[in-house]
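Q:
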Amino acid sequence: MKPTIKIDYVSDVACPWCAVGLGNLNQAMAELSDKVNFEVHFRPFELNPNMPHGGQDAIEHLTEKYGLTAEQVKVNQANIRTKALEAGFAFHPEGRKRVYNTFDAHRLLYWAGKEYDLQKQAALKKELLNTYFCLAVSLDDPENVLDAVIRAGLDKNRAQEVLKSNEYSKEVRDEEATYTGAGISSVPSIIIDGQYLLQGAQPPEAFVNAFEQINKTI
């Protein structure tokens with residue numbers, strides 16, 4: 004019987020390196036699928052919890068946040084696009100246009116994991132990342148978010164109910180507090196079996212090495 008490794012993937016759907024890290028993680032898990040079962044839980048983290056509705060121009064936001072020039076931001080974005088493509092995400096060539104609040108996206112991800120299963124949660128996570136980075140459309144437009152729900156194979160009407168209510172708000176806030184309280188301040192943060200921490204968009208081989216080492220101790 005294959006052992007199971009549990010992964011808590013703490014991330015934000017507005018984080019490009021979280022997409023890169025997820026794609027690399029998926030590649031690593033596929034490589035080891037004959038040896039190990041994986042149980043992946045997507046946990047919420049908001050890079051911009053105070054972002055108002057309507058968001059902010061992405062270049063403006065990134066230059067303000069990191070003290071870079073617009074040209075430096077564009078160079079960084081080109082580098083991330085290359086890494087993302089290697090990880091299986093074809094980011095929009097013109098980049099994301101605006102930065103948005105992602106709390107509702109996290110509520111939907113919690114809903115998918117709670118009312119469906121972890122596979123559907125993973126499918127929705129991928130489609131929300133595709134919505135923001137590959138299609139480069141607004142996360143503030145419910146129709147764009149609901150399109151991601153449909154592509155992930157979840158019920159659109161039920162998702163609408165969640166979006167129009169405060170369902171799962173407390174649960175998401177509690178999870179966010181759990182991980183920030185544990186010292187998580189940057190994402191992606193990957194917690195393996197509740198005790199090993201990997202941070203950043205690790206390459207597939209780094210995940211493989213970590214899983215193989217852990218598998219020896221199980």
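Residues 4 to 221, numbered by the numbering used here, are exactly what the sequence shown covers, in order. The C-beta atom is built at its ideal place from N, Cα and C for all residues, glycine as well. Owing to the predicted nature of the structure, the values given are computational and were not obtained by experimental measurement.
So, methionine 32 versus phenylalanine 41, is the Cβ gap smaller than 8 Å?
A: yes
Q: So what does DSSP say about histidine 109, is it helix, strand or coil?
A: helix
Q: Report the partner residues of lysine 9 according to the DSSP bridge assignment.
A: Glu42
Q: Can you give the Cα-Cα distance for lysine 219 and isoleucine 153, rounded to whole angstroms?
A: Approximately 40 Å between the Cα atoms of the pair.
Q: What is the rounded straight-line gap between the Cα of phenylalanine 210 and the Cα of tyrosine 69?
A: 28 Å
Q: Can you check DSSP and say which residues form a bridge with leucine 201?
A: DSSP output for leucine 201 lists Ile193 as bridge partner(s).
Q: What number of angstroms, rounded off, separates the C-alpha of asparagine 51 from the C-alpha of alanine 162?
A: 23 Å
Q: Using alpha carbons as the reference points, say which of Glu89, Lys173 and Thr134 lies closest to tyrosine 103.
A: Thr134
Q: I'd like the span of the alpha helix (DSSP H) that includes histidine 64, first residue to last.
A: 61 to 69
Q: Does the segment 141 to 148 come close enough to the segment 168 to 178 to have 3 or more Cβ pairs within less than 8 Å?
A: no
Q: To which residues of the same chain is lysine 9 closer than 6 Å at the C-beta, ignoring the five residues directly before and after it?
A: Glu42 and Asp196
Q: Ignoring anything shorter than 4 residues or poking outside the segment 125 to 168, list the alpha helix (DSSP H) runs there in chain order.
A: Those alpha helix (DSSP H) runs which fall completely within the segment 125 to 168 and span 4+ residues are 145 to 154 and 159 to 167.
Q: Cα separation between glutamate 178 and proline 47?
A: 7 Å
Q: Given this structure, state the Cα-to-Cα distance separating aspartate 11 from lysine 5, to the nearest angstrom.
A: 19 Å
Q: By how many angstroms is the C-alpha of leucine 111 removed from the C-alpha of lysine 167?
A: 11 Å
Q: If we call anything under 8 Å between Cβ atoms a contact, is alanine 204 one with valine 23?
A: yes
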